[in-house]
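In the working numbering, the protein residues as written are 10 to 576.
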């Protein structure tokens, strides 16, 4: 926080918030340093502030920022209402002690305004667009129009908003004309997916519970899941016991030669369904492997597969059954309540003499030891035990707080490093502008770990989870290791863009850009599906690494990380 940044934060206030701040500051200043001449109009200023507060509430602004300023406005009004009802000539308190106390109280009253201004960018009002009462097509056009102005990565991803409208508006019109809510939902999802941003979501869409379209389209499973190797082969990565796949003789590692009239590769490439938006091609391929083998309940598919080590393929027919989305749930990592309640950091010394730290998320937890203290304690132990190197495991880390990620990165830098600038859309100028009070730096912390470091990542390392590998990449003693880059969704959700659409769907979009030291977008995938923190050591996904990780249950990424540190 800086003085210039705090003053600059005025640009994030609404008109009503700005009026209240000016009135409150003026009234508090006058009471702190009493003027000698009395003006009757001065007694009405706190009332004008209350009117501005009422207007602010009626406009829909219920942010913490507004509530702080409104509360101060009400307090000032209540403390001065006596002069409004019974006007009298201004007189300062006769006793010096009373004058001092009143001045101190007035100065303290400025503190909420300073706090509000210092955090105005993060807490700013971002109005909800309610298009739920419109028809499908008009709601879509209105949403597309707002996003064309305010979506943080439209330019970065080279999105042609007019092209999006031309493509999807006719489909929404057809869905509206035919009263086809299923077509509307699927088209809405397709449009959102086309923006390639893992932070975009339908907030109230629990696909596993009560979504009829999702259930109808992919509610059936065959008891398996797949992955695609770098050479294009599609191999079975999961087989459920007593499932149709298991009963047909299919085993882990089986190659899908043909699926439902297509080659395994064709079926894989044509798969589009997923629970969530996908920013990078690598994340997309991971989800294609999960959803390729989903279908409507009761659907029969002709399958040709070749088990590992066998030369002849097996042809069979599988029928999709209601597995309660079991294969999807088994292949989708999710933090448990226990993970959130406990410290996000766990560590140990491995049998081979390397230190190992698992960081599950970057969400502060007041009930546990601070993550900074936990990591500092582990690093001191590692140094006392003279570990050969350190593995930091960020796989499946969904993110959390950028400042916490920067703080933890501080143990691995000798001098201050830039983490991010932040920019938001400014409604007054219609441009994206820096929030000068939200500049995150990585500051050196003790104990400094100067040994070799390998950071493990995957496509489920997202949001703030991508921060450490992004900021530490390039440091000589640090190597990033993984099969894929991180999720490529590093945008901010401080005051998210929220849009209410027909059929009750509530959409949420990121509202801020993370910028590097050159003030260019960092972390988020571009229009080609490339983004995130890129591994220094990219592990090939071939028959050998597949067998080790899936069939033999080995931690291949950990193995590669140790090999990298031993070179």
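Heads up, the beta-carbon is just placed ideally off N, CA and C, and yes, glycines get one too.
Note that the coordinates shown come from a computational prediction; the quantities given were computed from them, not determined experimentally.
Reduced DSSP secondary structure (H/G/I, E/B, other) of residue i
i	result
residue 281	coil
residue 463	strand
residue 48	coil
residue 331	strand
residue 320	coil
residue 402	strand
residue 93	helix
residue 535	coil
residue 209	coil
residue 234	strand
residue 4	The chain is shown only over 10 to 576; residue 4 falls outside these bounds and no answer can be derived.
residue 267	strand
residue 501	strand
residue 256	helix
residue 70	coil
residue 245	strand
residue 4	The first residue shown for the chain is 10 and the last is 576, placing residue 4 beyond what the model contains.
residue 516	strand
residue 194	helix
residue 489	strand
residue 42	coil
residue 530	strand
residue 341	coil
residue 347	helix
Beta-carbon contacts of residue i that lie in its chain and below 7 Å, excluding the five residues immediately before and after
i	result
residue 295	468
residue 544	466, 489, 490, 491 and 494
residue 148	140, 510 and 511
residue 280	297, 300 and 301
residue 216	223 and 284
residue 131	447 and 503
residue 174	150 and 153
residue 549	239
With 16 other Cβ atoms within 10 Å as the buried cut-off, status of residue i
i	result
residue 297	buried
residue 404	buried
residue 62	buried
residue 231	buried
residue 200	buried
residue 79	buried
residue 253	buried
residue 50	exposed
residue 446	buried
residue 166	buried
residue 233	buried
residue 288	buried
residue 320	exposed
residue 29	buried
residue 158	exposed
residue 371	buried
residue 458	buried
residue 555	buried
residue 197	buried
residue 518	buried
Residue i - partner residues in DSSP beta bridges
i	result
residue 325	312
residue 157	Answer is none; residue 157 lacks a bridge partner.
residue 82	Answer by DSSP bridge pairing: none, since residue 82 is not bridged.
residue 433	442 and 521
residue 139	509
residue 455	Beta-bridge pairing links residue 455 to no other residue.
residue 427	450
residue 272	267
Close-in-space but distant-in-sequence residues of the same chain around residue i (CB under 8 Å, 5 per side omitted)
i	result
residue 450	415, 425, 426, 427 and 428
residue 580	The requested residue 580 is not part of the displayed model; the chain covers only 10 to 576.
residue 355	366, 367 and 369
residue 326	309, 310, 311 and 312
Own chain, CB closer than 6 Å to residue i, minus 5 neighbours either side, in chain order
i	result
residue 85	33, 36 and 55
residue 184	145, 192 and 193
residue 322	266, 313 and 315
residue 242	264
residue 293	287
residue 249	232
residue 383	352 and 354
residue 25	61, 64 and 65
residue 572	none
residue 508	138, 152 and 516
Check: residue i C-beta below 8 Å from any heavy atom of the ligand HEM
i	result
residue 88	Ligands displayed in this structure: none; no statement on the ligand HEM is therefore possible.
Quick check for students: name the residue ranges of the alpha helix (DSSP H) that lie wholly in the segment 356-393, counting only runs of 4 or more. 380-393
In chain order, which alpha helix (DSSP H) runs of at least 4 residues are fully inside the segment 288-312? The qualifying runs are 290-300.
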